[in-house]
Every structure is written in structure tokens, then in C-alpha cells.
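Colleague: Numbered per UniProt numbering, the sequence shown spans residues 1 to 117. Every residue gets a Cβ at the ideal spot worked out from N, C-alpha and C, and that includes glycine. Note that the coordinates shown come from a computational prediction; the quantities given were computed from them, not determined experimentally. Okay, here's the structure, questions in a sec.
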Amino acid sequence: MEAKAQVRYLRMSPMKARRVVDLIRGKSTVEAQDILRFAPQVASEPVLKLVQSAIANARVKADQAGERFDEQELVVSAAYVDEGPTMKRFQPRAQGRAFQIKKRTSHVTVVVAPVNK
1 MEAKAQVRYL RMSPMKARRV VDLIRGKSTV EAQDILRFAP QVASEPVLKL
51 VQSAIANARV KADQAGERFD EQELVVSAAY VDEGPTMKRF QPRAQGRAFQ
101 IKKRTSHVTV VVAPVNK
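As C-alpha cells, this is what we get:
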């Protein structure tokens with residue numbers, strides 16, 4: 001039984017978030033959490049919370065279905081980052097000009113599933 005967790009409108013560039021998500025794709029959830037705890041990237045904190053949320057969602061699904069649950073058997077079966085809306089801001093520059101700043105957002109999705117399926 002697979003479980004999914006999403007974070008939408010994460011105030012981080014999709015390129016920066018993808019660097020972290022690529023590290024955990026296909027790994028066991030225990031190993032993925034260890035990798036994210038010690039990763040120096042700023043994106044590792046929200047992705048760690050997302051993996052923990054997906055594990056909790058799997059636990060709830062297993063309880064509702066009456067199945068046994070073991071966190072050690074879960075694997076990050078899918079993890080991807082989609083681009084969210086871009087906020088456009090302007091910064092004043094010399095001689096009355098304006099410089100556009102693009103504040104990018106991301107939608108991050110993590111799916112965990114048992115290893116035997």
C-alpha cells in the first residue's frame with residue numbers, strides 16, 4: 001500500500017529542490033531520512049519533513065486497512081519536483097531603472113511504498 005505526501009508553493013527554486021530529491025529517490029525511507037538529516041543543502045529540511053509525512057500517511061493507511069506496518073520495509077518509490085508559480089518583484093536600480101527579481105516556488109511530491117510490491 002503506497003502513500004503520498006505533497007508540499008505545494010515551497011519558496012525554493014525547483015532546481016535547488018531537485019538536487020536534494022534526486023539523492024533519495026529509490027532509497028529506503030530510513031536511509032533517505034539519514035541522508036537528508038546530514039545533507040548541507042537548505043532544501044533538505046522541507047524534504048525530510050515531507051518524507052516523514054509520507055511515512056505517517058502510510059502508517060494511517062495501514063491502520064485503516066488493518067494491515068501490519070513496518071517502517072523498515074518502505075522505499076521512496078517516487079519523488080519529483082514540479083515548478084510552481086513565480087512571484088515577480090522589482091528592485092530599484094540606478095537612473096530610475098527597475099530590475100526584475102523572480103522568486104520561484106516548487107511543488108514537491110514524495111511517494112513511499114513497501115519494497116515487496
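(1) Which complete alpha helix (DSSP H) runs does the region 25-101 hold, if anything under 4 residues is left out?
(2) Tell me the DSSP secondary structure of R19 in three-state form.
(3) Should A65 be labelled buried (16 or more other beta-carbon atoms within 10 Å of its own) or exposed?
(4) Can you find the residues in the same chain that come closer than 7 Å, C-beta to C-beta, to R93, ignoring five residues on each side of it along the sequence?
(5) Can you check which of these residues, P114, T105, A113, is closest to Y9 by C-alpha distance?
(6) Smallest Cα separation from G26: which of K103, A78, Q41?
(7) Between A54 and V111, which are expected to be in contact by the criterion C-beta below 8 Å, what is the C-beta distance as a whole number of angstroms?
(8) For I101 and chain D, any beta-carbon pair shorter than 8 Å?
Modeller: Considering the structure as presented:
(1) Runs of the alpha helix (DSSP H) inside the region 25-101: 29-38, 44-65.
(2) Counting from 1 along the sequence shown, the entry for residue 19 is found at position 19. Here R19 carries a helix assignment [DSSP, helix/strand/coil].
(3) Within the sequence shown, residue 65 is the residue found at index 65, counting from 1. Classification of A65: exposed, given that the 10 Å Cβ count is below 16.
(4) Numbered from 1 along the sequence shown, position 93 holds the residue referred to as residue 93. For R93, where only same-chain residues beyond five positions count, the Cβ hits under 7 Å are F99.
(5) Residue numbering aside, residue 9 sits at position 9 when the sequence shown is read from its first letter. Comparing Cα positions, the closest option is T105.
(6) Residue 26 sits at position 26 when you count from the first residue of the sequence shown. It is A78 whose Cα lies nearest to the Cα of G26.
(7) Residue 54 sits at position 54 when you count from the first residue of the sequence shown. Residue 111 sits at position 111 when you count from the first residue of the sequence shown. Your pair A54 and V111 checks out as a contact, with CB atoms roughly 7 Å apart and the cut at 8 Å.
(8) Note that chain D does not occur in the displayed structure, where there is just one protein chain.
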